[in-house]
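Be aware that the sequence shown starts at 261, since it is given in the numbering used here, and climbs by one per residue. No residue lacks a Cβ here, since even glycine has one placed at the ideal position from N, Cα and C. For reference, the structure is listed below as structure tokens.
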Amino acid sequence: MATDLSVTFTGLRFENPFLLASAPPTESESNITRAFDAGWGGVVTKTIGLHPVTNVAGPKTKFLRATPDSSQLSMRKRPGTALHSSWNWELISDKTLDWWVPRLGRIKQAYPSRVLVTSIMAGSGSDSELKHWQTLARACQDEGADALELNLSCPHMDRPDMGSNIGKDPELVSVVTQAVKEVARVPVWAKLTPSTTDIVLEARGAFLGGADAVSSTNTFPSLPLIDPETLEFEMNVDGLVSSGGLGGPAILPQSIAKMSQLTKAFPDCAFSGIGGVAEFGHALNYFLLGCGTVQVCTAAMLDHAIGPNVVKQLVAGMRDTMERYGWSSLDEFRGLRRDRVVLHSQIRRPEGEAYRGGYDAEGYAGAEAATEPAPVTKG
Ligand SMILES: Cc1cc2nc3c(=O)[nH]c(=O)nc-3n(C[C@H](O)[C@H](O)[C@H](O)COP(=O)(O)O)c2cc1C
């Protein structure tokens, strides 16, 4: 049987389940058309707002790299390093809706079979702010956008009614989603922040508001490291820094933990997995946990800005893996490992003589140390 990489997600057909996430790779018409030519099944545009934004002076994104055989972590570019993560404090698109509108139309006309998702963002502090979401939604869908992704997750917004400050409040998530759903004729995806205690609560808010899917995750709030030579943050403006977002390989295990919570809580809902994907083996985690699509940012930024080699590997890796296991479509393996994540108390404990308490593993002193009597404390 032929291997079919196409998927249907929130009612939309994708040639393959790989999308560029909302970020620099999708910030312009030329990037997006190059991305489609390179083979991405879809793109989520850089987040579009109603008002112009001004980014910080200096770089908006840098990459933290590890040196093998030492514990050095630094953003300094040097040979023989491995990528640890991206760090950014970039705001939403610095182009306004008016700039985007004709470009969205042109992209869709040129690539009718590719999926164009527009990411949008406004505030939530008043009725007029909620109307801004509706204005953005209408304008994008009128130009042919196939879906809308609500940015409820940008981690560096000072305004308390924007970005991840919405995403941290399940009621606001619901209110904003509902406002967009009132005018939307296309599917609505809610992109959530990982920086809450229980992402299931915010996802419930999104689904109660009518979301057709949840995308997870955005970057994790973090700081750049301080350089021991200069005592300055490796990224700063005039010596000052502010909380930004961590992406790339470092967040893959954390992001799949969030996704596992989501897909277990809502096994029948649609999820788009994001965070740390650079090759098919990474994407497979999200699919086996129940995702219907996967999005990529950091790895694509570092591969000719839009990831032509990354998408080739994702597509080839998916085809090879499906052939190896005899799967003919994503539906045959989506969610296969969702139920393997259980409560800690459900994990089997060893019995009898074989029990060495895990002390003969890397990072532990050994079984003898573990059997030393515990020190007696008085008090
Ligand atoms: C420089 C940069 C800019 C980003 N801008 C946006 C944005 O405008 N809207 C959004 O929803 N996410 C934005 N993101 C988050 C990404 O879409 C993605 O969720 C995150 O980087 C995790 O994926 P990754 O590990 O593949 O990078 C941005 C990420 C980076 C690195």
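Heavy atom of ligand 1 within 7 Å of residue i beta-carbon
i: proline 568; result: no
i: asparagine 291; result: no
i: valine 267; result: no
i: proline 454; result: no
i: lysine 322; result: no
i: lysine 451; result: yes
i: asparagine 348; result: yes
i: serine 282; result: yes
i: isoleucine 352; result: yes
i: alanine 405; result: no
i: threonine 395; result: no
i: lysine 306; result: yes
i: valine 474; result: no
i: serine 384; result: no
i: threonine 558; result: yes
i: valine 433; result: no
i: glycine 595; result: no
i: asparagine 545; result: no
i: asparagine 411; result: yes
i: asparagine 478; result: yes
i: isoleucine 511; result: yes
i: cysteine 400; result: no
i: serine 502; result: no
i: serine 379; result: yes
i: cysteine 414; result: yes
i: alanine 534; result: The sequence shown places isoleucine at residue 534, not alanine. Answer for isoleucine 534: yes, Cβ within range of ligand 1.
i: glycine 505; result: yes
i: valine 537; result: yes
i: glycine 470; result: no
i: glycine 301; result: no
i: glycine 508; result: yes
Distance between beta carbons of residue j and residue i, contact taken as under 8 Å
i: isoleucine 459; j: glutamine 521; result: 6 Å
i: valine 440; j: alanine 397; result: 5 Å
i: glutamine 555; j: serine 475; result: 7 Å
i: glycine 550; j: glycine 595; result: 4 Å
i: leucine 646; j: alanine 405; result: The shown model of the chain, from 261 to 639, leaves out residue 646, and the question about it has no answer.
i: glutamate 494; j: tryptophan 449; result: Not really, about 33 Å apart at Cβ, beyond 8 Å.
i: phenylalanine 296; j: tyrosine 371; result: 5 Å
i: serine 282; j: threonine 263; result: The pair is not a contact, with the Cβ atoms about 29 Å apart (cut-off 8 Å).
i: alanine 407; j: leucine 357; result: The Cβ separation is near 17 Å, so there is no contact.
i: phenylalanine 320; j: glutamate 350; result: Sequence check: residue 320 is lysine here, not phenylalanine. Their Cβ separation, rounded to whole angstroms, is 4 Å, which keeps lysine 320 and glutamate 350 in contact under 8 Å.
i: proline 509; j: glycine 536; result: 5 Å
i: glycine 612; j: tyrosine 619; result: Glycine 612 to tyrosine 619, Cβ: 16 Å. No contact.
i: glycine 469; j: aspartate 421; result: Going by Cβ atoms, the distance from glycine 469 to aspartate 421 rounds to 16 Å, so no, they are not a contact pair.
i: phenylalanine 526; j: phenylalanine 593; result: 19 Å between Cβ atoms; not a contact.
Pick from the options that is closest to residue i, judged by C-alpha positions
i: leucine 343; options: Ala560, Gly623, Ser502, Thr270; result: Ala560
i: leucine 544; options: Glu462, Asp264, Pro277, Val303; result: Pro277
i: phenylalanine 540; options: Cys529, Asp387, Thr553, Ala530; result: Thr553
i: glutamate 442; options: Tyr619, His392, Asp528; result: His392
i: glycine 504; options: Glu287, Asn291, Tyr546, Thr453; result: Thr453
i: asparagine 425; options: Gly383, Ala466, Leu408, Ser334; result: Gly383
i: serine 515; options: Lys306, Glu611, Phe531; result: Phe531
i: lysine 322; options: Asn411, Asn569, Gly507, His564; result: Gly507
i: serine 266; options: Pro319, Trp587, Thr305; result: Trp587
i: cysteine 326; options: Asn315, Arg374, Gly340; result: Per the sequence shown, the amino acid found at residue 326 is alanine instead of cysteine. Ranking Asn315, Arg374, Gly340 by Cα distance to alanine 326 puts Gly340 first.
i: serine 373; options: Thr293, Ser482, Met578; result: Thr293
i: glycine 465; options: Asp580, Phe274, Leu412, Pro513; result: Leu412
i: glycine 302; options: Arg579, Phe593, Glu350, Cys557; result: Cys557
i: histidine 311; options: His604, Asp354, Pro362; result: Asp354
i: serine 455; options: Ala444, Leu574, Ser482; result: Ser482
i: alanine 287; options: Ala317, Trp359, Tyr585, Asp429; result: What sits at residue 287 in the sequence shown is glutamate, not alanine. Of Ala317, Trp359, Tyr585, Asp429, the residue nearest in Cα terms is Trp359.
8 Å Cβ cutoff met for residue i and residue j
i: isoleucine 534; j: alanine 298; result: no
i: glutamate 403; j: leucine 364; result: yes
i: phenylalanine 547; j: isoleucine 511; result: no
i: valine 313; j: isoleucine 352; result: yes
i: lysine 518; j: arginine 598; result: no
i: glycine 309; j: methionine 381; result: yes
i: leucine 324; j: tryptophan 347; result: yes
i: glutamate 462; j: glycine 427; result: yes
i: leucine 272; j: proline 447; result: yes
i: cysteine 414; j: asparagine 315; result: no
i: glutamate 489; j: glycine 499; result: no
i: proline 484; j: valine 497; result: no
i: valine 570; j: aspartate 580; result: no
i: threonine 457; j: serine 379; result: no
i: alanine 473; j: threonine 437; result: no
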